[in-house]
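Numbering (this note's numbering), first residue to last: 1 to 378.
Reviewing the structure listed below.
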Ligand SMILES: Cc1cc2nc3c(=O)[nH]c(=O)nc-3n(C[C@H](O)[C@H](O)[C@H](O)COP(=O)(O)OP(=O)(O)OC[C@H]3O[C@@H](n4cnc5c(N)ncnc54)[C@H](O)[C@@H]3O)c2cc1C
């Protein structure tokens, strides 16, 4: 990796050099990249479920593109991260692949160095809970859950149900690894569901369910219990499965989830609209609340709304949404700056440091909370 101004700037902003030490095809469309820090002191531990932020060349525009990829390896083997990337189709673009995933698949080779920041993210396994766990993945959404599975298998004797839905066996990534972990101790169950199994899949009989994940399938796989559920996958899958889980009586606060794209409403309930945080933190992030008064007044000046802050809202963005506002956002993790808002008065504190700190008088509302009364230009 050369020392061009963009690289030097990225390193100054907290990015680190990681070397690609292995590259493994996991399915027809998904490939893993094993990464080790280049510089002494370049390793950062991660919680199972967290992701790394990569600065990639993109389409040649200045600064490149920033993309997130979850760490899919065990947190108990420090020194090496594995990310597992699906090549996203982008037919409108030369090469036919998304900017970030296409770069990884088509141009990143063993020995290359890339720039990454983090680990980040609040979609993490609660390692203190004694409850049995359901890890429910759609497609490439299995990546953070595989990391959690490794931690659960090694650190605990909690019962785990790993349920992975994907199109068919050709597109099924990390299946052998998941089955090996399931065999490593009693109490871990792996179930696969193929939407459209191939003839080969039908002969192999590795999958338990066919078609979409249904209430009947989940009922047949999950004995009645008091579960912690972790959910990650494409938005339609998440919406469908979230509804089924709620219908089965699983409490909202027991379901943590992460979107790999723009966040969306998971539950539409006109009587009591609930907009759950994309970063899958129904409980407040673990930040110091020093200086935050529960009753701090938050004013949304343009909308003419004033309300009292409550620590039940993970962020100012969530709080704005709970007041019926619809500010723009994308990553909900302090990376993309889409939620940047003018702070007309008051102070905030960040529970996730923004990747690019906003200018004076601006605030990223997805990863901040008020330190006292604040007025926002919303
Ligand atoms: C917290 C988090 C963790 C993630 N972890 C993983 C992971 O572990 N593995 C993984 O594979 N992904 C993961 N992702 C998703 C990943 O960050 C990227 O979003 C994904 O790889 C697609 O990016 P891309 O640059 O390849 O595609 P992009 O270039 O961003 O394109 C994405 C899609 O949008 C369409 N599109 C783009 N531009 C246009 C346009 N101008 N007009 C019309 N359509 C367009 C493309 O057709 C394509 O289908 C994660 C995301 C988040 C937020």
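All C-beta atoms, glycine included, are put in the ideal place defined by N, C-alpha and C.
Span of the beta strand (DSSP E), counted from its first residue to its last, around residue i
{"i": "residue 138", "result": "133 to 138"}
{"i": "residue 150", "result": "First-last for residue 150: 143 to 155, but that is the alpha helix (DSSP H), not the beta strand (DSSP E)."}
{"i": "residue 83", "result": "81 to 86"}
{"i": "residue 328", "result": "No beta strand (DSSP E) contains residue 328, which DSSP labels as neither H nor E."}
{"i": "residue 26", "result": "No beta strand (DSSP E) contains residue 26, which DSSP labels as neither H nor E."}
{"i": "residue 76", "result": "From DSSP, residue 76 is part of no beta strand (DSSP E); its letter is neither H nor E."}
{"i": "residue 163", "result": "160 to 166"}
{"i": "residue 299", "result": "297 to 300"}
{"i": "residue 305", "result": "305 to 308"}
Nearest-angstrom Cα separation, counted from residue j out to residue i
{"i": "residue 237", "j": "residue 34", "result": "28 Å"}
{"i": "residue 217", "j": "residue 229", "result": "16 Å"}
{"i": "residue 314", "j": "residue 45", "result": "24 Å"}
{"i": "residue 92", "j": "residue 20", "result": "29 Å"}
{"i": "residue 269", "j": "residue 193", "result": "Low confidence applies to residue 269: its pLDDT is 43, below 50, so where it sits in the model is not reliable enough to give any reading."}
{"i": "residue 103", "j": "residue 312", "result": "40 Å"}
{"i": "residue 369", "j": "residue 239", "result": "27 Å"}
{"i": "residue 140", "j": "residue 169", "result": "13 Å"}
{"i": "residue 15", "j": "residue 227", "result": "37 Å"}
{"i": "residue 277", "j": "residue 208", "result": "With a pLDDT of 38 at residue 277, under the threshold of 50, the modelled position of this residue cannot be trusted, and the question is left open."}
{"i": "residue 28", "j": "residue 195", "result": "16 Å"}
{"i": "residue 339", "j": "residue 357", "result": "13 Å"}
{"i": "residue 355", "j": "residue 203", "result": "48 Å"}
{"i": "residue 76", "j": "residue 378", "result": "43 Å"}
{"i": "residue 190", "j": "residue 320", "result": "39 Å"}
{"i": "residue 272", "j": "residue 252", "result": "A caution first: residue 272 carries a pLDDT of 34, below 50, which makes its placement in the model too unreliable to give a value."}
{"i": "residue 55", "j": "residue 256", "result": "27 Å"}
{"i": "residue 300", "j": "residue 376", "result": "5 Å"}
{"i": "residue 184", "j": "residue 106", "result": "35 Å"}
{"i": "residue 280", "j": "residue 142", "result": "Legend: pLDDT at residue 280 = 34, less than 50; position of this residue unreliable, no value from coordinates given."}
{"i": "residue 124", "j": "residue 200", "result": "36 Å"}
Assumed close pair residue i, residue j - CB separation to whole angstroms, cut-off 8 Å
{"i": "residue 52", "j": "residue 11", "result": "So it is not a contact: roughly 15 Å between Cβ atoms."}
{"i": "residue 160", "j": "residue 187", "result": "7 Å"}
{"i": "residue 65", "j": "residue 115", "result": "Residue 65 to residue 115, Cβ: 12 Å. No contact."}
{"i": "residue 47", "j": "residue 174", "result": "Not really, about 19 Å apart at Cβ, beyond 8 Å."}
{"i": "residue 333", "j": "residue 121", "result": "6 Å"}
Unbroken alpha helix (DSSP H) run spanning residue i, endpoints
{"i": "residue 314", "result": "Looking at the DSSP string, residue 314 is not in any alpha helix (DSSP H), and its letter there is neither H nor E."}
{"i": "residue 99", "result": "99 to 107"}
{"i": "residue 7", "result": "5 to 12"}
For residue i: DSSP bridge partner residues
{"i": "residue 117", "result": "53"}
{"i": "residue 67", "result": "54"}
{"i": "residue 375", "result": "299, 345"}
{"i": "residue 172", "result": "In the DSSP output, where bridge partners are listed per residue, residue 172 has none listed."}
- Message: Please give me, in chain order, every unbroken run of the alpha helix (DSSP H) with length at least 4 that falls completely inside the region 216 to 270.
- Response: 235 to 247
- Item | Minimum length 3: unbroken beta strand (DSSP E) runs contained in the region 176 to 218 | 188 to 194
- Task: Scan the region 343 to 371 and note each continuous beta strand (DSSP E) run of 3 residues or more that stays entirely inside, going in chain order.
- Result: Secondary structure remark: continuous beta strand (DSSP E) runs of at least 3 residues inside the region 343 to 371, in chain order: 348 to 350, 362 to 364, 368 to 370.
- Query: Relative to ligand 2, what is the chain-ordered list of residues with a Cβ closer than 5 Å to any of its non-hydrogen atoms?
  - Reply: Looking at this structure, you won't find ligand 2 anywhere; what it does contain is ligand 1.
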